[in-house]
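Novice: Mapping the sequence shown onto full-length UniProt numbering, position 172 (from 1) lands on 172, and the numbers just tick up by one.
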Amino acid sequence: MGDTELDKLTPEAADDSDLEENRSRKASFDYTDDLVGGIIKFEVSPTDLSEFMKNRGKESITALEEKFGDINGLVRKLKSSSQRGLMNINANLEARQNVFGVNFIPPKPAKTFLQLVFEALEDTILRILIVAAIVSLVLGMVIESVETGWIEGVAILVAVAVVSLVTAVNDWQKEKQFRQLQGKIDQEQTVDVIRGGNVVKIPSTDLVVGDLCNIQYGDLVPADGIIIQASDLKVDESSLTGESDIVKKTFEKDIGLLSGTHVMEGSGKFIVTAVGPNSQSGVIMMLLGAGKKPDQANGETEATENTELMQDVDLADGKEENAEEEEKKEQSILQNKLTRLAVSIGWLGVIAAVITTIVIIIRFSVETYGIQKESWDNKHLINFLRAFIVGLTILVVAIPEGLPLAVTISLAYSVKKMLIDNNLVRHLDACETMGNATAICSDKTGTLTTNRMTVVESYIQGNHFKNIPSQDTLGLEFIDVLCQGIAINSNYSSRIEASEDGQGLPTQLGNKTECALLGFVLELGETYQHFRDSHQEKDFVKIFTFNSKRKSMSTVIKKKDGGYRLFTKGASEMVLSKCRYIIQDPSMKAEQFTESDNEALVKTAIEPMASNGLRTICIAYRDFPEDLGVPDWEDESVIVDDLTCLAIVGIEDPVRPEVPNAIKNCQSAGITVRMVTGDNVNTARSIAFKCGILKPNDDFLVIEGKEFNRRIKDENGKVRQELIDKLWPQIRVMARSSPEDKYILVKGIIDSKLNKNREIVAVTGDGTNDGPALKKADVGFAMGIQGTDVAKEASDIILTDDNFTSIVKAVMWGRNVYDSISKFIQFQLTVNLVAISIAVIGAVAVMESPLSATQLLWVNLIMDSFASLALATEQPTPDLLERKPYGRTKPLISRSMLRFIFGHGLYQLVCMIVLCFYGHILFDIEYGFGRSHGAAPTQHLTIVFNTFVLMQVFNEINARKVHGERNVFHNFMANKLFSVIVIGTLLFQILLVEFFGRAFSVTSLTIEQWMWCMFLGFTELLWGQVVVSIPKFTIPKRFRLGSKGVSLSETDQGPMGRVLWMRSLSRLQYQIRVVNAFRSNLDGQQRTKNIISPAVFNSLVAPVALTSGVDMGEDQNGDAPTV
C-alpha cells in the first residue's frame, strides 16, 4: 500500500504528510451498520477472510489492496466502524455469529455415566473374571443344582459390577470437577472492545468478526485481525509461525494479527476478521481434534479449506511435535517412584496368584485321584474353576491399581481446594512438585507487598517534601505541566474510582504505579481526566511503551501552539541519566543539570527514599520546537534524551502484613526465599528486612543485576556454572534485575551440583519477559491480577490474589499430596501382605483360600476405591511446614512406613492364622474348611472374613499418620469424607454378613461373635501404639523402597511386563484421558478459546503423567518503575 493510499486513512494527513508517515496510523472511516429487511447483508464471506488472512508481511498489504482497496474498504464490507466499532449491537452479534462463527471451539462432549462404566469394564482381568463367573454359573446350574449352583457365579458378577460402578462414579466425579474448573477459567481472559463508541470489557469468547479491539503489551491476541492503529506494536508470532524474530506491525510492512500470538511491546487497535475455527490457530486446533466445527450458515464444509490453511502454517519444522513426544514420556518424581513400586508389588501378586492356583489344583488332584482313587467326574470342573477364580481374585487384590487412582483423586481434590486458596493449578504435577521445593525466587511488588501504592514523598523544585505540597508552593504553571505529564503518559485504562460504599479507600484500577501517580495528581487538586479528554490516545504522535530494557515510558503529543512535547517517567536513575536540565522554582525556568548534580540528588533524595522502602520514579519532559521540523520519532536514543527533570516521587508499597510470618514458615520448612526485583537496591534491601528475607547481622548477599552478570561471566563473556555456584547460595536479594538475570539465576540454581539433592526452584513472574524463567523453573507462579497473559501461559500455577502467602499454601498442598499417597501406600501394602499371605497359606495347608473370590473383591473395593477417597482427601496442616523437603531421591517407602507395614501386617497375619486353624475351637463352632462345593457357609470362615475386614477399617485410621505420630485421631473430624467412608464401610459389612450370606460365602453371626470381631479389629488401634514405639532405626536404611524410579515405557519391554501392568495401567490410562480431556483448562489457556497457541494446544492433546521457564523486576505491573 503506498503512502498516498495510507494518507487517505486519516483526514489529518493532508496537513502534515511527513508527520503521518512516521506516526501511528489509524483508519478514520466510520460506518454505521445498515439493516436490509432486519438482516445485515455482509459483502464478504468467511472463506474470503480466511483466504485473506493466509497472507503474511507485505503480501497482506498487497492482498488488502487487491480484495478490498484499502482498510476502509475492509471495514465497510464488515459493516463496522474504525472509530466506534460495532453499532446496533443487539441485531449485530447474533447475525455475525451465524455468518462468521463464534470465538469458541466446543470441547469434546463429556462421557456419559454408562460410557464410564463400560470403560471400567475394559480392564482385562475383570473381563476374565466375568467369563469365569459365567462359566461357574453355567456349570453350577448344570452339574450341581439350579437352586444353589448359580449363587457363586452371580455373586462374582455382582461384585465385578459394584467395582466397575464405584470406579465409574469416581471418574464421573473427577470429570465433573474438571468441568467446573473449566467454567471458572473460561471467563478468565477478557478483552477491551469498542462498541457503539464505548470501551467495554468482554470475555474473549464473545468477540465477533467486525469488533474493534484494543491490545497492549503482554496481551494474547484473542482473534485474527487487521491493525487499525499501532503504536510501536511488536508481536511474537513464534508459537504459530515458528519464526523467532519479533514482528513489528506497521502499515508499511505487516498489518495482520494472528490469534494466540503475544504482544511484546506497544499497543494498538485492530478489526477482527476471523474467530474460532476460522482463525489460523483455530484451524490447527480443529485438525488436532479440539472439537467439532460448527456448521457455517452457508452450509459450506471447511475441511478442504482448513487443510489448505494448515499447509500455510509452519510449525517450526516439527520441533514442537518432537518436544511434545518427549513430554509424553515425562513423569514427576512421585509418579516415577510409584511406577517402580507398583511393578514390584504386581510381580509378587502374579507369583502369589500362580502359586495359590497351582497348589490348590495339585492338592485337589492328589487327594481326589491319588488318595481317594476317584475317577473323573464333571463336577470336578467346578473345583478347578474355583482354583482359577481364587488365583485371579488374588491378582485383583495384589496388583495395585489403587495407586494411580489415589494419585488422581489426591491431585484432583488438591486442585479444587487449592483454587479456594487462590492457587489456580494449570499443570497437575505442579501440586506434588511444589511440596519438594527448596527455593522460591519471588517478585516484590504485589507479591510481598500489598500493591496498593501511594506517593508519600517527593523531591520538587529543590525541596524534599514528606507530604503533599500545596499549589501555592509549586505554582499553577508547574502543576499543569507535571499533572499533564502524569495523566497523559500512562495507560488510559489506569484510573481511580470511588469505593462502592463511598466511605472506603478509592479503588485502583489498572497499573498500580500509575494509579499512585494519578492519586498524586488528585492530591495536588487537579483532575487527571481533564488532561486525557484534551489529548485522546488516537492523537498521540509516538509512544515508547514500557519494557524491561527501557525501564521507562514516553509519550509524544502535539502542542496547541506548535511543536511537540515528550513526557517521560520511569526508574529514577535511568531517567535522571538522560536529564540535562531541572526545574528548581515555580517560574518553570530550566537550570543545567550536570553529572555532579545527578550524584548529589541521588544521595540527598533518592537514597533516603529508597532506604525507607520507597520506590522512586522520575518525571521529566522535553519540548521540540516547530521551527526545527519533524524529528525522526523512531530514533529513540535521540528523542528520549536531553530531558528536563520535573519531579522525583517516592511511592510506598507496604509489605503485606501476613508475609513475614509466611516467609518464616518457609524458612522453617527448609525453603530459601529470594527476592528478585527491578527496584532500587536500597528499596529492595529495606523491603527484604521488613519481610524477614534478611535479618540483622546476616552475611547474605544483596546484589544488583549488573554486578551479578559481571561476576558470573568469564573473560570471554560466557556464563560459567562454577562462577554461579560461588554466588547463588549467598544471594537473598537481586535488585535492578532484568529478565535475563532472573533466568540465569534460576537455571544456575537448578543446574548446580553443590548439594547432593538437586534444588527444586519455584519462581514468580508477572511480565511478558518472565516467560523463560517461569518455564525453566520446576514450578512457575504467574500473578493472576497483575500478570500478563503471556506470563500466565508460561506458568504452572496462577496466584489469583498475587499473594506470597498463597505460595506457602501451595507448598502445604504439595507436601500433603505426597503424604496422602504415602498414607494410602502403607495401608494398601499392609492389606496386600496379609491377603496374599493368608491365601497362599490356606492353599498350601487346607487346599483352599480362607477368603473366597467375592470376599476378596469386596476387600479390593475397600482397599482401592474407598481407601483412596478416604486417605487421599486429607486436609493439609501447618505441621507440614515444620520439616525439610523430601528431596528427589528420598525413598517412597520410609522406615516409618516399613515399620507400619510389617508391624501391622504381622499382627493381622497372626490373628488370621489363629482364627483359621483354631477359631472353630475358640468359638466352639463348626470347622469351615474341607466342605463340599455348594455347602452352606459356616460361622468359622465368616468370623475370619469379618475380622479381616474390620481390622482393615481400624487400621485405616492408623494409616492417617505417616510419620510415626501417636495421636491418630488428631483432626479426625476435619475430613468428614473419611468419617463417612469408615462408618459406611462398617454398615455395609454388617449388611453383607447378615443379609447377603450365600453370595459372599458368609452366614449370620451372633452378637457375641460380632463383639469379638469388633474387638479384634479395635485392637489394631492399640497395636498401633506398640508399633510406633519401635524405634525406626532398627530397620536398616537399605530396606527402604522407592528411591529410584522407572519410566512407564520400561514396563512394556516384555510380554510379562504388559500382562503384569494390564490392570493398573488400564486404570491409569483412563485417569490420563480424564485429565487430558480438560487439560486445556490447566495447560495454556482453555481449549474453549481459540486464542491459545498451537504449541500450547499440542500439550493439551498429548498424554500426561499425572504426577510427572525472567522477573523483569521492572515489568509493567511489578517490581520496577512500571509505567
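The beta carbon of each residue, even a glycine, is placed where N, CA and C say it ideally should be.
Is phenylalanine 567 helix, strand or coil by DSSP?
Specialist: The answer is strand: DSSP assigns phenylalanine 567 an E or B state.
Novice: Can you find the residues in the same chain that come closer than 8 Å, C-beta to C-beta, to phenylalanine 923, ignoring five residues on each side of it along the sequence?
Specialist: Excluding positions up to five away in sequence, the list reads Gln939, His940, Ile943, Gln1009, Trp1012.
Novice: Leucine 646 by DSSP, collapsed to three states: which one?
Specialist: If DSSP states are grouped into helix, strand and coil, leucine 646 belongs with the strands.
Novice: Mark tyrosine 413 as exposed unless 16 or more other C-beta atoms lie within 10 angstroms of its C-beta, in which case mark it buried.
Specialist: Label assigned to tyrosine 413: buried.
Novice: Just mark leucine 977 as buried or exposed, buried being the case when its beta carbon has 16 or more other beta carbons within 10 Å.
Specialist: Exposed is the call here.
Novice: Name the DSSP beta bridge partners of isoleucine 619, please?
Specialist: Lys569, Ala647.
Novice: In the DSSP assignment, find the alpha helix (DSSP H) that holds asparagine 832 and state where it starts and stops.
Specialist: From DSSP, the alpha helix (DSSP H) with asparagine 832 extends over 804-846.
Novice: Name, in chain order, the residues that DSSP records as bridge partners for alanine 274.
Specialist: In DSSP, alanine 274 forms a bridge with Asp224.
Novice: CB residue 1132 to CB glutamine 875, shorter than 8 Å?
Specialist: The structure shown has nothing for residue 1132, since the chain only spans 1 to 1123.
Novice: By alpha-carbon positions, which one of Lys713, Arg736, Gly717 ends up nearest to lysine 726?
Specialist: Comparing Cα positions, the closest option is Lys713.
Novice: Taking just the CA atoms, how far does isoleucine 798 sit from residue 1136?
Specialist: Since the first and last residues shown for the chain are 1 and 1123, residue 1136 lies out of range.
Novice: Measure how close the beta-carbons of threonine 555 and phenylalanine 540 come, nearest whole angstrom, since I'm counting them as under 8 Å.
Specialist: Right, the Cβ-Cβ distance comes to about 6 Å (below 8 Å), so this counts as a contact.
Novice: Would you be able to state if there are at least three C-beta pairs under 8 Å between the stretch 459-471 and the stretch 653-663?
Specialist: Too few Cβ pairs lie closer than 8 Å, so no.
Novice: Which residues does DSSP pair with asparagine 463 in a beta bridge?
Specialist: For asparagine 463, which the question treats as bridged, DSSP gives the partners Ile460.
Novice: Express the C-alpha separation of glycine 101 and lysine 79 in angstroms, rounding to a whole number.
Specialist: Near 16 Å, if we compare the C-alpha coordinates of glycine 101 and lysine 79.
Novice: Classify asparagine 112 as buried or exposed, calling it buried when 16 or more other Cβ atoms lie within 10 Å of its own Cβ.
Specialist: Checking the sequence, you will find threonine at residue 112 rather than asparagine. Exposed: under 16 other Cβ atoms inside 10 Å.
Novice: Should serine 1080 go down as buried or exposed, given a rule of 16 or more other Cβ atoms within 10 Å for buried?
Specialist: In this prediction, serine 1080 scores a pLDDT of 35, lower than 50, which makes its location untrustworthy; no coordinate-derived value is stated.
Novice: Could you check what DSSP says for aspartate 879 in three-state terms: helix, strand or coil?
Specialist: If DSSP states are grouped into helix, strand and coil, aspartate 879 belongs with the helices.
Novice: Closer than 8 Å is the cut-off here; do at least three beta carbon pairs connect the stretch 640-648 with the stretch 693-706?
Specialist: Result no; under three Cβ-Cβ pairs closer than 8 Å.
Novice: Let's see if you can read the secondary structure: which residues bound the alpha helix (DSSP H) around aspartate 789?
Specialist: Start and end: 789-794.
Novice: CA-CA distance, serine 442 and serine 806?
Specialist: C-alpha separation (whole angstroms): 12 Å.
Novice: Less than 7 Å between the CB of glutamate 66 and some heavy atom of the ligand MN, yes or no?
Specialist: Judged by which ligands are present, the structure shown has none, so any question about the ligand MN falls away.
Novice: Below 8 Å on the Cβ atoms is my guess for isoleucine 841 versus leucine 851; work out the distance and round it to an integer in Å.
Specialist: With a Cβ gap of about 11 Å, isoleucine 841 and leucine 851 do not count as contacting.
Novice: Closest by CA to aspartate 679, which one among Glu848, Val982, Gly613?
Specialist: It is Gly613.
Novice: Starting from asparagine 214, follow its DSSP beta bridges and name the residues at the other end.
Specialist: BP columns for asparagine 214 point to Asp192, Lys269.
Novice: Can you list, in chain order, the residues of its chain whose CB lies under 7 Å from that of alanine 605, leaving out five sequence neighbours each side?
Specialist: Tyr459, His464, Ile648.
Novice: With distances taken from CA atoms, which of Thr800, Trp728, Leu745, Asn755 is nearest aspartate 766?
Specialist: Minimum Cα distance to aspartate 766 is reached at Thr800.
Novice: To which residues does DSSP link glutamate 497 through a beta bridge?
Specialist: Answer by DSSP bridge pairing, in chain order: Thr507.
Novice: Going by DSSP in three states, serine 577 sits in which element: helix, strand or coil?
Specialist: The answer is coil: DSSP assigns serine 577 none of H, G, I, E or B.
Novice: Is it true that the CB of valine 199 sits closer than 8 Å to the CB of aspartate 211?
Specialist: No; because the gap between Cβ atoms is not below 8 Å, this pair is not in contact.
Novice: Hey, valine 844 and valine 162 are a contact pair by Cβ (cut 8 Å); roughly how many whole angstroms apart?
Specialist: Incorrect: roughly 30 Å between the Cβ atoms, too far for contact.
Novice: Between which two residues does the beta strand (DSSP E) containing glutamine 989 stretch?
Specialist: Glutamine 989 -> not in any beta strand (DSSP E); alpha helix (DSSP H) instead, spanning 976-995.
Novice: Short check: CB of isoleucine 543 to CB of serine 82, under 8 Å?
Specialist: Not in contact: isoleucine 543 and serine 82 (Cβ atoms no closer than 8 Å).
Novice: Only counting the same chain, and skipping five residues up and downstream in sequence, which positions put a Cβ closer than 8 Å to that of leucine 1021?
Specialist: Taken in chain order, the residues that qualify are Phe954, Ile957, Asn958, Val968.
Novice: Based on Cα-Cα distance, which residue from Glu882, Ile619, Val366, Ala430 lies nearest to methionine 574?
Specialist: With distances taken between Cα atoms, methionine 574 lies closest to Ile619.
Novice: If contacts are defined as beta-carbon pairs under 8 Å, then leucine 517 and isoleucine 488 qualify, I think. What distance do you get, rounded to the angstrom?
Specialist: Not quite, the Cβ-Cβ distance comes to about 11 Å (not below 8 Å), so this is no contact.
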